[in-house]
Each structure stands twice: as structure tokens, then as C-alpha cells.
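A.B. asks:
Numbering (the numbering used here), first residue to last: 646 to 875.
1. Buried or exposed, going by whether 16 or more other CB atoms sit within 10 Å of the CB of residue 868?
2. For the region 766-852, list the alpha helix (DSSP H) runs that are entirely contained and at least 4 residues long, ordered along the chain.
3. With burial defined as no fewer than 16 other Cβ atoms inside 10 Å of the residue's Cβ, what is the status of residue 647: buried or exposed?
4. Start and end of the beta strand (DSSP E) containing residue 700?
5. Within 10 Å of its beta-carbon, does residue 765 have 16 or more other beta-carbons around it, so buried, or fewer, so exposed?
6. Is the distance from the Cβ of residue 753 to the Cβ of residue 734 below 7 Å?
7. Looking only at its chain, what residues have a beta carbon closer than 6 Å to the beta carbon of residue 747, apart from the 5 residues adjacent to it on each side?
8. Only counting the same chain, and skipping five residues up and downstream in sequence, which positions put a Cβ closer than 6 Å to that of residue 757?
9. Around the Cβ of residue 798, are there at least 16 other Cβ atoms within 10 angstroms (buried) or fewer (exposed)?
10. Taking only runs of the beta strand (DSSP E) that begin and end inside the region 739-769, which ones reach a length of at least 3 residues, in chain order?
11. Less than 7 Å separating the beta-carbons of residue 823 and residue 835?
12. Are the beta-carbon atoms of residue 813 and residue 749 separated by less than 7 Å?
13. Give me the Cβ distance between residue 718 and residue 736, rounded to the nearest whole Å; I'm assuming they're in contact under 8 Å.
14. Alpha carbon to alpha carbon, how far is residue 751 from residue 873?
15. Does DSSP classify residue 736 as helix, strand or coil?
16. Closer than 8 Å is the cut-off here; do at least three beta carbon pairs connect the region 739-746 with the region 782-796?
17. Measure the C-alpha to C-alpha separation of residue 785 and residue 875 and round it to an integer number of angstroms.
18. Taking the beta carbon of residue 818 as the centre, do at least 16 other beta carbons fall within 10 Å, making it buried, or is it exposed?
19. Considering only C-alpha positions, which residue in the set 782, 830 and 767 is nearest to residue 706?
20. Whose CA, out of 857, 849, 810 and 840, lies closest to the CA of residue 698?
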């Protein structure tokens, strides 16, 4: 074989590898961008759980306590301590899917007075979970300081998620402070648009948050409780 032909063949193979590598990079990048753009599956799942929680309250007069076991998904009879009021959605009790669209269990934080075992709330009661976001300047600001319950999905990245098998995935690192707040604070939760930008205030973010306001829950339960809401 002539040296010129060998050199041409090598260049052709190198060019083919370069083209295929570029196509792979473009496809992966497009998939990643789509993943971070499409929050709809997470929010649909959280909305279904939110409706089930309200339905449970309409049926029993109380919100359920969080499940403490990743594998059982059942609500305990009481959640008297602060630590026991942050756990997993009791998916068996509510009859909802166990996991979010990415295989992680949804976390659930409930205000004690609204939950089974205490259940002492009235029309004038307020929740104590705090929901925040970031303003245009990147500063945290409170949206709701009296939420009766908050739902948290760890999103497609699954940093800090727990699987239905009980396996816990690595928590978000220090470069994702808003996600760390959602996982570790247990009283304050941050919601904002998903982003992969490491330079964004609060870091990269793909958590999904849904909650209910005190006034809305009162209105939904007014007939069952015989209330006149404030």
C-alpha cells in the first residue's frame, strides 16, 4: 500500500471519529438541556400527591404523618417531634406512586398541628414551613412563611434522593446551597427555575417544590370542618 494512501486513510478515520464525537456531544447536550427545561413531569407528580393529601384530610380531618421508612410507605399514627415531621410521602397510605419520574422518593414536611396524632388545627391555624425563592438580584426572599405542608422532589439529578429500595444517593455538594437547604434545613425550602449554571445564585438547581397555603387548605376543608375561613 502506498504511503500517501495510508496517510489518507488515517486522516479519514480521524475525521470520522471527530464527527461522531461531535454528534454524541451535541445529542448529550441537547438531552441535558431538555432534562432541565422540562419540569412538567415533576410538577404533575407533585400535584397528584398534593391532591391526595388534601383528599386524605377531607376524609379523616387530618393530614397524614410522613412515612419514616423508604420501603413501606405507610404513615405512622403520630409525628410529635420536629424530626418526625420531615420524611417521605406515605405513598401506600395515599395510594399514589412511590417515586417521582426519576426514581426518587418524594419528601414531605408537615406542620405538627395539622397531622395525625395532634390534629388540633382550626380555621385560624397557620402552618410553619417556609417557602423561599431568589429575586432578580439573587437574594433569598420568602414566598410563604406559613405553609401547612411542603413536597420536595430531588429532580433528575437526584442529589440527596432516596430510592424505594432504601438506597440513599449522595447529597448535593457545597456548590448547590439551595438544594442543600431543601435537604438539610427541614423548615425552609427553596423553589426556583431549574438551571445547570454553576455561577447562578444558589448554584445549579433541579429540585421541584410544591406546597399548599394556609388559606387555601382552610377553604378546601371548610365544609368538612364546618368552618368560616378568615
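All residues carry an ideal CB built from backbone N, CA and C; glycine is no exception.
C.D. replies: In short:
1. Residue mapping note: residue 868 aligns to position 223 of the chain shown, counting from 1. By the neighbour-count rule (16 or more Cβ atoms within 10 Å), residue 868 is not buried but exposed.
2. DSSP runs (the alpha helix (DSSP H)) wholly in the region 766-852: 822-829.
3. Here residue 647 refers to the residue found at position 2 of the chain shown. Residue confidence for residue 647 is low, a pLDDT of 49 falling below 50, so the modelled location carries little weight and cannot support an answer.
4. Counting from 1 along the chain shown, the entry for residue 700 is found at position 55. That residue, residue 700, is in no beta strand (DSSP E); its alpha helix (DSSP H) goes 685-705.
5. Here residue 765 refers to the residue found at position 120 of the chain shown. Looking at its Cβ environment, which holds fewer than 16 other Cβ atoms inside 10 Å, residue 765 is exposed.
6. As a working mapping, residue 753 is identified with position 108 in the chain shown. As a working mapping, residue 734 is identified with position 89 in the chain shown. Yes, they are a contact pair.
7. Working through the chain shown from its first residue, we reach residue 747 at position 102. Excluding residues within five positions, the ones whose Cβ falls inside 6 Å are 801 and 803.
8. Position 112 of the chain shown, counting from 1, holds the residue named residue 757. 730 and 763.
9. Indexing the chain shown from 1 puts residue 798 at position 153. Using a 10 angstroms sphere on the CB of residue 798, the tally of other CB atoms reaches 16 or more, which defines it as buried.
10. Runs found: 752-755.
11. For the purposes of this step, residue 823 is taken as residue 178 along the chain shown, with counting starting at 1. For the purposes of this step, residue 835 is taken as residue 190 along the chain shown, with counting starting at 1. The Cβ atoms of residue 823 and residue 835 lie closer than 7 Å to each other.
12. Numbered from 1 along the chain shown, position 168 holds the residue referred to as residue 813. Numbered from 1 along the chain shown, position 104 holds the residue referred to as residue 749. No, they are not a contact pair.
13. Along the chain shown, one-based indexing puts residue 718 at 73. Along the chain shown, one-based indexing puts residue 736 at 91. The Cβ separation is near 4 Å, so the contact holds.
14. Locating residue 751 in the chain shown gives position 106, where the first residue counts as 1. Locating residue 873 in the chain shown gives position 228, where the first residue counts as 1. Going from the Cα of residue 751 to the Cα of residue 873 covers about 33 Å.
15. Here residue 736 refers to the residue found at position 91 of the chain shown. DSSP places residue 736 in helix when its eight states are reduced to three.
16. Using a Cβ-Cβ distance cut-off of 8 Å, the region 739-746 and the region 782-796 are not in contact, since fewer than three pairs of beta carbons, one from each stretch, lie closer than that value.
17. Here residue 785 is taken as the residue at index 140 of the chain shown, counted from 1. Here residue 875 is taken as the residue at index 230 of the chain shown, counted from 1. Across the structure, residue 785 and residue 875 are spaced so that their CA atoms are roughly 28 Å apart.
18. One-based indexing of the chain shown puts residue 818 at position 173. When all chains shown are included, residue 818 counts as exposed.
19. Residue numbering aside, residue 706 sits at position 61 when the chain shown is read from its first letter. Closest in alpha carbon position to residue 706, among 782, 830 and 767, is 767.
20. Taking the first residue of the chain shown as 1, we reach residue 698 at position 53. When each option's Cα is compared against that of residue 698, the closest is 857.
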